[in-house]
Amino acid sequence: MAVTAAATATRLQGGIFTLMVVKVADPYDPILERELGEQVAMSPTFFAQAPVVLDLKDSLSCTAAADFTALKEMLARHQLVVVGVQNASALQLRAAQAAALPALKSANGNARRPTPERVAPPRPRLVMQPVRSGTQIYAKGTDLIVVAPVSAGAEVIADGHIHVYGPLRGRAIAGAAGDQSARIFTQRLEAELVSIAGRYLVSDAIAPELMQQPAQVALIDDHLTILPGWSSSPGAS
Amino acid sequence: MAKVIVVTSGKGGVGKTTTAAAVATGLAMRGHKTVVIDFDVGLRNLDLVMGCERRVVFDFINVINGDANLQQALIRDKRIDKLYIFPTSQTRDKEALKREGVDRVMNELRKDFEYVVCDSPAGIEHGAMTALYHADSAIIVTNPEVSSVRDSDRIIGMLASKSRRAEKREKPVEEHLLLTRYAPGRVKKGEMLSVDDVKEILSVPLLGIIPESETVLKASNTGVPVILDPESPAGRAYDDAVARFAGEQREMRFVLPERRSFLRGWFGRAAS
Numbered sequence: 115m116a117v118t119a120a121a122t123a124t125r126l127q128g129g130i131f132t133l134m135v136v137k138v139a140d141p142y143d144p145i146l147e148r149e150l151g152e153q154v155a156m157s158p159t160f161f162a163q164a165p166v167v168l169d170l171k172d173s174l175s176c177t178a179a180a181d182f183t184a185l186k187e188m189l190a191r192h193q194l195v196v197v198g199v200q201n202a203s204a205l206q207l208r209a210a211q212a213a214a215l216p217a218l219k220s221a222n223g224n225a226r227r228p229t230p231e232r233v234a235p236p237r238p239r240l241v242m243q244p245v246r247s248g249t250q251i252y253a254k255g256t257d258l259i260v261v262a263p264v265s266a267g268a269e270v271i272a273d274g275h276i277h278v279y280g281p282l283r284g285r286a287i288a289g290a291a292g293d294q295s296a297r298i299f300t301q302r303l304e305a306e307l308v309s310i311a312g313r314y315l316v317s318d319a320i321a322p323e324l325m326q327q328p329a330q331v332a333l334i335d336d337h338l339t340i341l342p343g344w345s346s347s348p349g350a351s
Numbered sequence: 036m037a038k039v040i041v042v043t044s045g046k047g048g049v050g051k052t053t054t055a056a057a058v059a060t061g062l063a064m065r066g067h068k069t070v071v072i073d074f075d076v077g078l079r080n081l082d083l084v085m086g087c088e089r090r091v092v093f094d095f096i097n098v099i100n101g102d103a104n105l106q107q108a109l110i111r112d113k114r115i116d117k118l119y120i121f122p123t124s125q126t127r128d129k130e131a132l133k134r135e136g137v138d139r140v141m142n143e144l145r146k147d148f149e150y151v152v153c154d155s156p157a158g159i160e161h162g163a164m165t166a167l168y169h170a171d172s173a174i175i176v177t178n179p180e181v182s183s184v185r186d187s188d189r190i191i192g193m194l195a196s197k198s199r200r201a202e203k204r205e206k207p208v209e210e211h212l213l214l215t216r217y218a219p220g221r222v223k224k225g226e227m228l229s230v231d232d233v234k235e236i237l238s239v240p241l242l243g244i245i246p247e248s249e250t251v252l253k254a255s256n257t258g259v260p261v262i263l264d265p266e267s268p269a270g271r272a273y274d275d276a277v278a279r280f281a282g283e284q285r286e287m288r289f290v291l292p293e294r295r296s297f298l299r300g301w302f303g304r305a306a307s
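Residue numbers (the working numbering), protein chains in the order written: chain V, 115 to 351; chain Z, 36 to 307.
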């Protein structure tokens, strides 16, 4: 049985472990304890303080926190440590959580309520109103699409790409979290500043013939490059 | 249902008070009971422009603090029936515009009037934010000049984020652009932004174009809203703007340099 945790930060990393699963039907069934006792007695070193998961697939009881506390105590008598539950119904899950037992998702696909395998990528942030001077919009972790002008003195920022379907007169900062493949697209480049992954150009440093027309901004060979129009770029993947 | 109109710009000296006086007068002339409020606490000017400075006893701040009631503070215009002026204090500052007090006064005014015209102070600080907070509609006064346009843009952003309508997620504040101190001759020479330039940058519907005119200065010095001067091009342009605000269709005037000006100048010289 594999358990995975999604990595969210460098200190918090995913890991895969093998755990034993105890199938529970009736938590107070004496046969359950007797069978467990016999199995543990056969290889006591293997089972000593081993973490186990309670599988509630065949159980209709276990709906109170006290049921889980009883199960924990019973398993502790046989040197087993309960670390979580799987295949719990909503009611069972609430009781398990009250007894400090988290729900674990089975990786071998026999879960009662299958969870979608793929998480949809974050949707781009869509802005339909003009971005006025003095306003700042940040599309965290995603792309930004502006279907209106971005005024001088306004700032549009995205961790992904920035698309401006209108004149871009303010500042545009794409790949704000460091993504060097992020790009800026605009129907009319009049920007005060464009930046990708920390590299920037102020309007003074942009060739005048590239201004006032459709353009895209990309980081190519570590150089912030302005490409006229929508053409695919030299050196782009 | 009363409509609260804020006259705002961000930048100072572009013609907010002149516009507030003209618009309020124009609406009252059309038979709507209208009050114009001065939010520029500490720089009391509206009463001068409206020519009622010698009749001010109590002011906006007195009413906010409960020292006087509305009836005591409102000044009835002597020229136009249904027009009232609500002056502000010259001795206090913007911090005197306390939120609850202003809310209460605005609610009372909404009950009594068809239009409440708020003359905003310049800037984007407390005074200007308080003036625009209650707005249902905004007249954004802009000069054809880049810094004024940028400040207007900033204020339009504030209307969309800091107004009561924005906070309560109601229908957004209606925006109207009023281009003032417009000199078509200088636009032609490339010294001034054109109407199209400003419209392009701000993307707000144009309510009117007020030509640069000496009559505006004269009007404000004599305390007669310029809209009451039928000889003044600016006055006529304000009348057009108010008519459009009320829903009438009127063609934009004063966009191109006046053709007769050459002849008039010539005759003027000949006569002198």
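The beta carbon of each residue, even a glycine, is placed where N, CA and C say it ideally should be.
Which residues does DSSP list as the beta-bridge partners of residue i?
i	result
GLU269(V)	GLN250(V), ARG285(V)
LEU168(V)	VAL136(V), VAL199(V)
GLN294(V)	Paired residue(s): none; GLN294(V) is not in a bridge.
TYR314(V)	SER309(V)
CYS153(Z)	VAL41(Z), ILE72(Z)
GLN330(V)	PHE299(V), LEU341(V)
TYR168(Z)	Partner(s): none; TYR168(Z) has no beta bridge.
THR183(V)	Bridge partners of THR183(V): none, in fact.
Buried or exposed for residue i, please, with buried defined as at least 16 other CB atoms from any protein chain shown within 10 angstroms of its CB.
i	result
TYR142(V)	exposed
ILE262(Z)	buried
GLN127(V)	exposed
GLN330(V)	buried
MET164(Z)	buried
HIS275(V)	buried
VAL261(V)	exposed
LEU252(Z)	exposed
GLY343(V)	exposed
MET369(V)	Outside the modelled stretch of chain V, which goes from 115 to 351, sits residue 369(V), for which no answer is possible.
GLN193(V)	exposed
ARG125(V)	exposed
ILE130(V)	exposed
ALA321(V)	exposed
Between the alpha carbons of residue i and residue j, how many angstroms are there, rounded?
i	j	result
THR249(V)	ARG127(Z)	31 angstroms
VAL259(Z)	VAL84(Z)	6 angstroms
ALA276(Z)	ASP94(Z)	29 angstroms
ALA101(Z)	ALA157(Z)	The residue you asked about is not Ala; residue 101(Z) is Gly in the sequence shown. So the alpha carbons of these two residues sit roughly 26 angstroms apart.
HIS115(Z)	LEU144(Z)	Sequence inspection shows Ile at residue 115(Z); the His mentioned does not correspond to that position. Cα-Cα distance, rounded: 19 angstroms.
ALA69(V)	ALA204(V)	Residue 69(V) lies beyond the stretch modelled for chain V, which goes from 115 to 351, so this question has no answer here.
ILE334(V)	LYS254(V)	23 angstroms
THR256(V)	SER196(Z)	23 angstroms
GLU226(Z)	PRO219(Z)	10 angstroms
LEU212(Z)	SER172(Z)	11 angstroms
CYS153(Z)	LEU258(V)	37 angstroms
GLU209(Z)	ALA319(V)	39 angstroms
GLY48(Z)	SER187(Z)	13 angstroms
ILE40(Z)	ILE190(Z)	14 angstroms
ALA178(V)	ALA184(V)	10 angstroms
ALA131(Z)	GLY77(Z)	10 angstroms
LEU218(V)	LEU146(V)	22 angstroms
ASP293(V)	PHE182(V)	47 angstroms
ASP147(Z)	ALA272(Z)	29 angstroms
LEU307(V)	ALA201(Z)	29 angstroms
PHE161(V)	VAL196(V)	12 angstroms
Let me make sure I understand the geometry here. Which of the options has the alpha-carbon closest to that of residue i?
i	options	result
LEU168(V)	VAL136(V), GLN211(V), ASP336(V), THR256(V)	VAL136(V)
GLY45(Z)	LEU241(Z), GLU160(Z), ARG199(Z)	GLU160(Z)
VAL91(Z)	SER229(Z), TYR119(Z), GLY66(Z)	TYR119(Z)
LEU133(V)	SER295(V), LEU146(V), GLN163(V)	GLN163(V)
ILE287(V)	LYS186(V), ALA266(V), ALA311(V), THR300(V)	ALA311(V)
ALA57(Z)	ARG288(Z), VAL176(Z), TYR217(Z)	VAL176(Z)
LEU243(Z)	GLN106(Z), THR123(Z), ARG134(Z), ASN178(Z)	Looking at the sequence provided, one finds Gly at residue 243(Z) rather than Leu. The residue with the shortest Cα to Cα distance from GLY243(Z) is ASN178(Z).
LYS68(Z)	MET141(Z), GLU286(Z), ALA37(Z), ARG134(Z)	ALA37(Z)
PRO246(Z)	ARG279(Z), ALA170(Z), ARG221(Z)	ARG221(Z)
GLU149(Z)	LEU105(Z), VAL71(Z), LYS133(Z)	VAL71(Z)
SER248(Z)	GLU235(Z), MET64(Z), TYR217(Z), LYS234(Z)	TYR217(Z)
PRO328(V)	HIS337(V), THR159(V), LEU282(V)	LEU282(V)
ALA291(V)	VAL278(V), HIS277(V), ARG313(V)	ARG313(V)
ASP172(V)	GLU304(V), GLY267(V), ASP273(V), GLN206(V)	GLN206(V)
GLY198(V)	ALA332(V), ALA305(V), VAL138(V), ARG239(V)	VAL138(V)
Is residue i near the ligand PLP, judged by its Cβ being under 7 angstroms from some heavy atom?
i	result
ASP112(Z)	Among the components modelled here there is no ligand, and therefore nothing to report on the ligand PLP.
Check whether the Cβ of residue i lies closer than 8 angstroms to any Cβ atom in chain A.
i	result
GLN243(V)	Absence of chain A from the displayed structure is noted, the protein chains being V and Z.
| request: Identify each residue in the segment 177 to 207 of chain Z for which the Cβ-Cβ distance to at least one residue of chain V is less than 7 angstroms, and report them in chain order. | output: ARG185, ASP188, ARG189, ILE191, GLY192, ALA195
| request: With 9 angstroms as the limit, tell me which residues of the segment 316 to 340 of chain V have their beta carbon closer than that to any beta carbon of chain Z; keep them in chain order. | output: none
| request: May I ask you to list, following chain order, the residues of the segment 239 to 256 of chain Z that have a beta carbon less than 8 angstroms from some beta carbon of chain V? | output: none
| request: Select from the segment 281 to 308 of chain V all residues with a C-beta closer than 9 angstroms to any C-beta belonging to chain Z, and list them in chain order. | output: PRO281, ARG283
| task | Note down, in chain order, all residues in the segment 246 to 270 of chain V with a beta-carbon under 7 angstroms from any beta-carbon belonging to chain Z. | result | ARG246, SER247, GLY248, THR249, PRO263, SER265, ALA266, GLY267
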